[in-house]
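Below is one structure; the comments refer to it alone.
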Amino acid sequence: MLDISELTVRYGKLTALEKTDIRVDEGEAVFVVGPNGAGKSTLLKTVAGLLRPAGGRIAFEGQSIAGGAPERLCRRGLALVPEGRHIFRTLTVEENLLVGMMIRRDRAAVQDDLEQILGLFPILRERFRGVAGNLSGGEQQQLAIARALLQRPRLLMIDEPSLGLAPLVIDQVYASLKELNATGLTLLVVEQSTARVLDLATRVYVLRGGKVVLSDTAEALASGDAMEEAYFGYAGQADA
Ligand SMILES: Nc1ncnc2c1ncn2[C@@H]1O[C@H](COP(=O)(O)OP(=O)(O)OP(=O)(O)O)[C@@H](O)[C@H]1O
Ligand SMILES: [Mg+2]
């Protein structure tokens, strides 16, 4: 579904991603984990069309999308929940969700989708007319995901869904993501923490210093310490 090859992205002289290969098949939940500054947000922003790559290819459903306009990519079925959620704090939950519906032309279907999404995140129904700034961190994360779902994406990309959330709240967010993936939604999630990754992932990439240092199935990574070792650097290996 998503095929990224030799992707290179730079900010001026700084190379944030170097010849990165990442693949997401339909129905998967692919995780990219890596420490601060690994290039995780850069990767998702580039796929979403917010950054222009310096080299490499990005194909979505067989068509090249590298450097495409964000709105166009959104209409094609790519949605991004950005790092830090970017909800409108002074607007109500309802108004925030309206933003997600803006690209839709099928008004009737939107109402059905909204009902379904409020079923998945009941707290948003409870707080529907309340100001989004009053939601807790976990509720704001749910709102950001709900808003992206209203775009009816085929691939949902989420930048650090667990960031700043208490463990119990992370459980809730991950449970919703698992439910979404089970209904067939393809996920590409980046996380700094490896703690919950194997609860949901089908495959995992470890990104360090803009390069993929490990990729394997979640099943293979479940036994052993390969993921942690790749994340922190193998014993004796100098940290670049
Ligand atoms: N707008 C920018 N201008 C210049 N450098 C940037 C910019 N955004 C990111 N960088 C640099 O690019 C590298 C990758 O950043 P990126 O935000 O993709 O990392 P990340 O893996 O998302 O990190 P984190 O876990 O802290 O969110 C870092 O060295 C960062 O300092
Ligand atoms: Mg980031």
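Numbering (this note's numbering), first residue to last: 731 to 970. Ideal Cβ placement from N, Cα and C applies to all residues, glycine included.
Residue i, enclosing alpha helix (DSSP H) - first and last residue
i: Glu869; result: 867–879
i: Arg855; result: 852–856
i: Glu890; result: First-last for Glu890: undefined, no H or E at that position.
i: Ala796; result: Looking at the DSSP string, Ala796 is not in any alpha helix (DSSP H), and its letter there is neither H nor E.
i: Glu958; result: 956–962
Pairwise C-alpha distance: residue j and residue i
i: Phe858; j: Gly814; result: 21 Å
i: Arg753; j: Leu828; result: 32 Å
i: Leu832; j: Gly963; result: Per the sequence shown, the amino acid found at residue 832 is Met instead of Leu. Taking the straight line from one Cα to the other gives about 44 Å.
i: Thr745; j: Pro852; result: 42 Å
i: Lys691; j: Arg837; result: In this structure the chain extends from 731 to 970, so residue 691 is not present and cannot be described.
i: Pro673; j: Ala878; result: Only positions 731 to 970 of the chain appear in the structure, and residue 673 is not among them; the question remains open.
i: Arg805; j: Ser892; result: 27 Å
i: Gly711; j: Ser866; result: The displayed coordinates of the chain run from 731 to 970. Any statement about residue 711 would go beyond what the structure contains.
i: Val919; j: Asn766; result: 15 Å
i: Leu895; j: Glu921; result: 13 Å
i: Leu780; j: Lys770; result: 14 Å
i: Ala876; j: Pro897; result: 20 Å
i: Gly939; j: Asp751; result: 14 Å
i: Val936; j: Ile847; result: 31 Å
i: Arg882; j: Val943; result: 33 Å
i: Leu854; j: Asp843; result: 14 Å
i: Tyr961; j: Asp946; result: 13 Å
i: Ala952; j: Leu773; result: 25 Å
Near ligand 1: residue i beta-carbon under 7 Å from a heavy atom
i: Gln922; result: yes
i: Gly963; result: no
heavy atom of ligand 2 below 7 Å from residue i C-beta
i: Asp889; result: yes
Host beta strand (DSSP E) of residue i (start-end)
i: Glu736; result: 732–741
Q: Kindly provide the ranges of any alpha helix (DSSP H) runs that are 4 or more residues long and lie completely inside the stretch 800–845, ordered along the chain.
A: Within the stretch 800–845, the complete alpha helix (DSSP H) runs of at least 4 residues are 800–806, 823–831.
Q: Please list, in chain order, all residues with a C-beta atom less than 6 Å from at least one heavy atom of ligand 1.
A: Result (chain order): Tyr741, Leu744, Ala746, Gly764, Asn766, Gly767, Ala768, Gly769, Lys770, Ser771, Thr772, Glu813, Gln922.
Q | Runs of alpha helix (DSSP H) wholly within the stretch 750–789 (minimum 4 residues, chain order) | A | Taken in chain order, the complete alpha helix (DSSP H) segments of 4 residues or longer contained in the stretch 750–789 are 770–777.
Q: Any chance you could list the beta strand (DSSP E) runs of at least 3 consecutive residues sitting entirely within the stretch 903–950, in chain order?
A: The qualifying runs are 916–921, 933–938, 941–947.
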